[in-house]
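Numbering follows this note's numbering, with no gaps: position 55 of the sequence shown is 160. Only one structure is covered here, and it is reproduced in the block below.
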Amino acid sequence: MFDIGFWELTIIAIIALLVIGPDRLPEFARATGLWIRKTRQFLSGIKSDIDRELRAEDLKRIIKQQEEFSAVHEIIEETKTTIKDTTNQLSSLNDLTDEMESSANKSNGEPLFESAPSSHALGNTSANAPNASATHNSEQSANH
């Protein structure tokens, strides 16, 4: 602790023997040992308190990280359920569309939804085409 060697202890013992005297030296050595022990206990108590506080701070930091991770985990789970619900809704809409097409096919014989526009929707029916040219020819002959 203080890095005291043999010769330093010998010099301290000789000075203590001369200053304190041989009668009071054992009592003084016990008192000094008691103070050194109390000082060491006090310092070890402080050290353990500091270590305990550092561990407590580490635990608090770990708990905070766990709370942040649990919040992220909750967001991920909510997103998963939202995606699952949306997928189920799209699937049910697709099934409903299929049912509507099949019922329309049964009643009309034509599909409800067509992939390409029909000639009726464009206004180009084969029945109207000859009439349009005949009307155009009759208008030209009337004007001449």
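All residues carry an ideal CB built from backbone N, CA and C; glycine is no exception. The structure presented is a predicted model; accordingly, all values stated were derived computationally and were not measured.
Beta-carbon gap between residue i and residue j smaller than 9 Å
i      : j      : result
Ile125 : Phe133 : yes
Leu139 : Leu130 : no
6 Å Cβ shell around residue i - same chain, five flanking residues per side excluded
i      : result
Ile116 : none
Span separating the alpha-carbon of residue i from that of residue j
i      : j      : result
Leu159 : Val177 : 27 Å
Asn199 : Ile167 : 47 Å
Lys211 : Leu195 : 24 Å
Thr187 : Glu179 : 12 Å
Asp60  : Glu173 : Examination of residue 60 is not possible in this model, given that the chain is present from 106 through 249 alone.
Trp112 : Ala118 : 10 Å
Ile141 : Arg135 : 10 Å
Ser153 : Lys165 : 18 Å
Residue i CB to nearest heavy atom of the ligand NAP below 8 Å
i      : result
Trp140 : Absent from the structure shown: the ligand NAP. Ligands present: none.
Helix, strand or coil at residue i [DSSP, three-state]
i      : result
Asp128 : coil
Gly138 : helix
Asp108 : coil
Ala221 : With a pLDDT of only 49 at Ala221, under the threshold of 50, the placement of this residue in the model should not be trusted; the figure read from the coordinates follows. Here Ala221 sits in coil by DSSP.
Cβ neighbours of residue i in the same chain (closer than 8 Å, five flanking residues each side left out)
i      : result
Glu204 : none
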